[in-house]
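Novice: Quick note: the sequence shown uses our numbering, first residue 31, plus one each step.
Backbone N, C-alpha and C define an ideal beta-carbon position, used for all residues, glycine too.
Treat the numbers as computed from the prediction; the structure is a model and nothing was measured.
Can you read through this structure? Questions will come right after.
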Amino acid sequence: MLLLQILADGFVTGCAVGVVAITFAYVYSTTGVFHVAHAGVYTFGAYVAWYLLQQGLPFLPAAAISILSCAAVGALIQKYVYETLARRHASPLVMLIAALGLLAVLQNIVAMAFSPNILQFDLPWRLEMAMVGTVFLSYPQIAVVVTSLLILAGLMWFSSSTLLGQRIRAVASNPSLAEVTRLRPNRVFVIVLAIASGLVAVPAILTGVDQAIQPYTSILVLLSAVIAVIAGGIGSLIGAFVLAIVISMVLNVSILYLPGRWSLAFTYTIFIAFILIKPTGLFRTRVQRAS
31 MLLLQILADG FVTGCAVGVV AITFAYVYST TGVFHVAHAG VYTFGAYVAW YLLQQGLPFL
91 PAAAISILSC AAVGALIQKY VYETLARRHA SPLVMLIAAL GLLAVLQNIV AMAFSPNILQ
151 FDLPWRLEMA MVGTVFLSYP QIAVVVTSLL ILAGLMWFSS STLLGQRIRA VASNPSLAEV
211 TRLRPNRVFV IVLAIASGLV AVPAILTGVD QAIQPYTSIL VLLSAVIAVI AGGIGSLIGA
271 FVLAIVISMV LNVSILYLPG RWSLAFTYTI FIAFILIKPT GLFRTRVQRA S
C-alpha cells in the first residue's frame with residue numbers, strides 16, 4: 031500500500047516535470063537554444079498566480095493571467111535576448127550563459143518582489159483528497175495529471191495537424207532553408223517561446239497549490255526535465271514525458287531504501303549511465319534540427 035502511494039505520488043510529480051521537459055524540448059529542438067531560463071519562467075508563473083489570488087482574484091482567472099504573463103515573458107526573452115545575440119553570431123556557449131543570467135535575474139526578481147521564503151496558496155480545496163483506486167491523491171494532484179496529459183496530447187496534435195505546427199516543424203528541421211523560403215524563423219522562434227512559456231506555467235501553478243512555492247526550487251525541476259529530454263531522445267515529446275515520469279517514480283521509490291541526500295545522486299547516476307550507453311535516447315525522432 032505504501033509502495034503504491036509512493037509510486038502514485040511519483041507519477042504525479044513526473045507528469046509535472048514532464049510538461050517542463052516537453053516544453054524545454056520544444057524550444058531546444060526548434061531554436062537550438064539550451065533555454066535554462068525556462069526554470070525562471072516556471073517560478074514566475076507560480077508567483078504571479080499566487081499574487082493575484084492574494085489580491086482577491088478567483089483561481090481560474092488568476093491562472094489564466096499567469097499563463098499569458100509567462101507567454102509574454104517567453105516571447106520577450108526570445109525577441110530581445112536570444113534573437114539579438116543570434117544577429118551578432120553569438121556562439122551556443124554565449125547563448126547558454128545568457129540563459130543562465132536570465133534564470134538568475136528572474137528568480138531573484140521574484141525573491142525580492144515577494145519573499146525568498148516558502149509561500150502557500152490560500153485555497154480551500156488544496157488539501158481535499160480523493161481515492162483513486164487504492165491510493166489517495168489531492169485535488170491539485172489530480173489536476174496536475176489531467177492537465178499534463180492534455181498538454182502533451184494538445185502539443186503533439188498542434189505540431190502535426192495545424193499549419194502553424196507544421197511550419198514550426200519545418201523551421202526546426204532546417205532554419206537556414208526556412209529563411210530562404212520565407213517561413214520567417216525569427217517570428218516562429220518567438221511563437222515557440224511564447225507557447226512553451228505559457229504551458230510551463232500550468233504545472234508550476236498546480237504544483238505550487240499542492241505543495242508550496244519558493245523562488246529557487248525550480249532548478250531541481252529543470253535538472254530532472256533536462257535529463258528526461260536527453261534520455262528520452264532530444265526532439266521526442268513522448269520520450270521526454272515518459273522518462274520524466276520514470277525518473278520521478280524511481281526517485282520516490284529510492285527514498286525508501288536510501289537516505290534522502292543519497293537517493294537523488296543514485297537516481298541521476300542511473301540515468302547518466304543510461305545516456306552513456308544509449309546517447310541517442312530511448313525514443314528516436316524523425317525531426318532533427320539542422321546545424
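Taking the Cβ atom as the reference point for each residue, do residue 157 and residue 168 lie within a distance shorter than 8 angstroms?
Specialist: yes
Novice: Checking the sheet assignment: what are the DSSP bridge partners for residue 272?
Specialist: None, per the DSSP bridge assignment.
Novice: From residue 329 to residue 294, what distance separates their C-alpha atoms?
Specialist: The question about residue 329 has no answer here: the residues shown for the chain are numbered 31 through 321.
Novice: Let me know the secondary structure DSSP gives residue 151 once reduced to three states.
Specialist: coil
Novice: In this structure, how does DSSP classify residue 87 when only helix, strand and coil are distinguished?
Specialist: coil
Novice: Output the residue ranges of the alpha helix (DSSP H) runs that lie fully inside the segment 222-282 and measure 4 residues or longer, sorted by chain position.
Specialist: 248-262
Novice: For residue 286 and residue 85, what's the separation of their Cα atoms in angstroms?
Specialist: 41 angstroms
Novice: Just to confirm my understanding: we take residue 109, look at its own chain, exclude 5 residues before and 5 after, and list those with CB closer than 7 angstroms. What are they?
Specialist: 220
Novice: Take residue 223 and list the residues in its own chain whose beta-carbon comes closer than 7 angstroms to its own, dropping the five residues that flank it on each side.
Specialist: 57, 104, 105, 107 and 108
Novice: Spatial neighbours of residue 126 within its chain, please: CB distance less than 6 angstroms, with the 5 preceding and 5 following residues excluded, ordered by chain position.
Specialist: 64
Novice: Do residue 284 and residue 47 have their CB atoms nearer than 8 angstroms?
Specialist: no
Novice: Please list, in chain order, all residues of the same chain as residue 83 whose beta carbon is under 8 angstroms from its beta carbon, the five residues on each side excluded.
Specialist: Excluding sequence neighbours, residue 83 sits near 89, 92, 151, 152 and 153.
Novice: Quick one: Cα of residue 199 to Cα of residue 226, how far?
Specialist: 14 angstroms
Novice: Less than 8 angstroms between C-beta atoms, sequence neighbours within five positions excluded: which residues of the same chain meet that for residue 318?
Specialist: Only weak support is given to the placement of residue 318: the predicted model assigns it a pLDDT of 49, under 50, and the question is left unresolved by the model.
Novice: Please classify residue 161 as buried or exposed, where buried requires at least 16 other C-beta atoms within 10 Å of its C-beta.
Specialist: By the neighbour-count rule (16 or more Cβ atoms within 10 Å), residue 161 is not buried but exposed.
Novice: Rounded to whole angstroms, what is the Cα-Cα separation between residue 60 and residue 182?
Specialist: 17 angstroms
Novice: In this structure, does DSSP put residue 321 in helix, strand or coil?
Specialist: Confidence is the limiting factor: at residue 321 the pLDDT is only 42, short of 50, which leaves the residue's position unreliable and the question unanswerable from this model.
Novice: From which residue to which residue does the alpha helix (DSSP H) around residue 168 run?
Specialist: First-last for residue 168: 165-168, but that is the beta strand (DSSP E), not the alpha helix (DSSP H).
Novice: Would the beta-carbon of residue 78 fall within 8 angstroms of that of residue 233?
Specialist: no
Novice: Let me check understanding here. Comparing Cα to Cα, which of 216, 281 and 252 lies closest to residue 116?
Specialist: Ranked by how close their Cα comes to the Cα of residue 116, the residues 216, 281 and 252 have 216 in first place.
Novice: What is the rounded straight-line gap between the Cα of residue 122 and the Cα of residue 36?
Specialist: 39 angstroms
Novice: Can you find the residues in the same chain that come closer than 6 angstroms, C-beta to C-beta, to residue 73, ignoring five residues on each side of it along the sequence?
Specialist: Excluding residues within five positions, the ones whose Cβ falls inside 6 angstroms are 137, 140, 245 and 248.
Novice: Applying the 10 Å Cβ sphere with the 16-neighbour rule, what's the burial state of residue 24?
Specialist: This structure cannot settle anything about residue 24, because the visible part of the chain is limited to 31 through 321.
Novice: Looking only at its chain, what residues have a beta carbon closer than 8 angstroms to the beta carbon of residue 316, apart from the 5 residues adjacent to it on each side?
Specialist: At residue 316, the pLDDT of 45 sits below 50, so the modelled position is not reliable and the matter cannot be decided from this model.
Novice: Among residues of its own chain, excluding the 5 on either side of residue 33, which ones have a beta-carbon nearer than 8 angstroms to its beta-carbon?
Specialist: 283 and 286
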